[in-house]
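Taking it in order: structure first as structure tokens, then the write-up.
Numbering (our numbering), first residue to last: 67 to 208.
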């Protein structure tokens, strides 16, 4: 499970350092893909295989789902953290997520999300409001 957030900077080669607490879960490899809301998702290989099956199965439902599957799979890239815990983010994915320098790496249960820092802060403010307004949270003890 991936939890927490950390602010980092992309280096000149488009690499970002992943928090130490995430690295063990990625030692068997990982995939980085386009995520919702203009961020990137990083999945451990095993989790990615499950998500990929779900996307594939959904793609059989109609043209919209097929196009979503094309976008998902065409943008996916295998990644492996180096000895310093850095992963290289391909240029096409950096462009998609508008990543220039300052980023936030956030654990979101079964995946890691990589956000432009400013976009994250805007989203985080909306998230705080959603926590306050959500009627379902008491069911989860929140």
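Using N, Cα and C, we set each Cβ at its ideal position, and we do this for glycine too.
Residue i burial status per 10 Å Cβ neighbour count (16 or more: buried)
i: residue 86; result: exposed
i: residue 166; result: exposed
i: residue 76; result: buried
i: residue 119; result: exposed
i: residue 140; result: exposed
Same chain only: Cβ atoms within 6 Å of residue i, ignoring 5 sequence neighbours per side
i: residue 182; result: 164, 165
i: residue 97; result: 109, 114, 142, 144
i: residue 132; result: 125
Separation of residue j from residue i, as counted between CA atoms
i: residue 106; j: residue 126; result: 24 Å
i: residue 147; j: residue 170; result: 17 Å
i: residue 160; j: residue 90; result: 24 Å
i: residue 112; j: residue 188; result: 31 Å
i: residue 70; j: residue 172; result: 6 Å
i: residue 122; j: residue 102; result: 17 Å
i: residue 227; j: residue 142; result: Any question about residue 227 goes unanswered here, given that the chain covers just 67 to 208.
7 Å Cβ shell around residue i - same chain, five flanking residues per side excluded
i: residue 117; result: 109
i: residue 88; result: 68, 173, 178
i: residue 104; result: 163, 164, 185
Going along the chain, which unbroken runs of the alpha helix (DSSP H) with 4 or more residues stay wholly within the segment 81-156? Runs of the alpha helix (DSSP H) inside the segment 81-156: 86-89, 111-124, 129-141.
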